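Engineer:
In the working numbering, the protein residues as written are 12 to 301.
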């Protein structure tokens, strides 16, 4: 069996762009996967292909899920990559959405399957999105960094160009593989406050959605995500106000960000783990209404 499984062929796609997001290491605050899911739901994207997980996942690390169907029979859902098409008549292009857990192994082979998909569908652009943790305040606009394969795409990004060096995930590997294959490619990263890393971050997801909209010239109705962002900021602000240590911590981050200074080092900040633990304690106390 070929790993790339076509369930149908989405004929007639117009100048399609592929957008990829992967849950896991590349996805702080679930921001990238939430952004792509939101785009797909907003545009009524339909699944047309998947990648068989057998060659790419360690099922002890990314476990299958058991559930029951309508007749109470047990079903197993395997982790894997799903591929959707979104036709957007009002926009100059259609979209292909690639999403699922970050693969555990054989990344080069996996990337080649995405490149094969892109070439088979006449893709004009590949965009990977991710989210990373940083010492930034939740109260400031979400910073987006990125890079692209050619100057024209760099000009369209209107973001700070990343200078990151160090370990990477499938997002970085796939972007480089697409560039090496001659596919116009861009990669976008949202920054997520380290002290709220465990909470889903709709604010960062919204920032990614807006930047993707600008890059691929496809707009979506993001009002639900905007409302979720307002609620998220309210909850985090309540947590900050409830604890003097957290408040002092966030104020230091805000001062540093306002001065566009080098991020504060560990010696200047309380333990990020202790701050995160305080946030989780506060959010648990808020109960299911939050």
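The C-beta atom is built at its ideal place from N, Cα and C for all residues, glycine as well. Source: prediction; values computed, not measured.
Exposed or buried, residue 274, counting other C-beta atoms within 10 Å across all chains shown (16 or more means buried)?
Structural biologist: Because residue 274 sits at a pLDDT of 47, beneath the cut-off of 50, its placement in the model cannot be relied upon, and the following sentence gives the value as read from the coordinates. That one is exposed.
Engineer: Using only alpha-carbon positions, find the residue among 53, 125, 198 and 203 that is nearest to residue 93.
Structural biologist: Nearest C-alpha to residue 93 among 53, 125, 198 and 203: 125.
Engineer: At a cut of 8 Å, does the stretch 129-140 reach the stretch 15-31 through at least three beta carbon pairs?
Structural biologist: yes
Engineer: Going along the chain, which residues of its own chain have a beta-carbon closer than 7 Å to the beta-carbon of residue 167, five neighbours each way excluded?
Structural biologist: 226
Engineer: Tell me the DSSP secondary structure of residue 29 in three-state form.
Structural biologist: strand
Engineer: For residue 319, collect the residues of the same chain with a Cβ closer than 8 Å to its Cβ; drop the 5 residues on either side in sequence, then sort them by chain order.
Structural biologist: Residue 319 lies beyond the range of the chain shown here (12 to 301); nothing can be said about it.
Engineer: Between which residues of its own chain and residue 2 is the CB-CB distance below 8 Å, once the five residues before and five after are set aside?
Structural biologist: Residue 2 lies beyond the stretch modelled for the chain, which goes from 12 to 301, so this question has no answer here.
Engineer: When you compare only the Cα positions, how much space is there between residue 47 and residue 115?
Structural biologist: 21 Å
Engineer: So, does the stretch 35-49 touch the stretch 208-223, judging by three or more C-beta pairs under 8 Å?
Structural biologist: With the cut-off at 8 Å, the stretch 35-49 and the stretch 208-223 touch.
Engineer: Would you call the stretch 234-248 and the stretch 139-146 in contact, with 3 or more CB pairs under 8 Å?
Structural biologist: Under the three-pair Cβ rule at 8 Å, the stretch 234-248 does not count as touching the stretch 139-146.
Engineer: How big is the Cα-Cα spacing for residue 202 and residue 164?
Structural biologist: 21 Å
Engineer: Would you report the Cα separation of residue 210 and residue 40, rounded to the nearest angstrom?
Structural biologist: 6 Å
Engineer: Can you tell me the Cα-Cα spacing of residue 79 and residue 86, whole angstroms?
Structural biologist: 6 Å
Engineer: CB-CB under 6 Å to residue 204, same chain, minus the five flanking residues each way: which ones, in chain order?
Structural biologist: 147 and 149
Engineer: Return the chain-ordered list of same chain residues with a C-beta closer than 6 Å to the C-beta of residue 33, the five sequence neighbours on each side being excluded.
Structural biologist: 113 and 181
Engineer: Sort 107, 55 and 212 by Cα distance to residue 242 and report the nearest one.
Structural biologist: 212
Engineer: Would you say the beta carbon of residue 247 is closer than 8 Å to some non-hydrogen atom of the ligand HEM?
Structural biologist: Only the bare structure without any ligand can be found here, which leaves the ligand HEM out of the picture.
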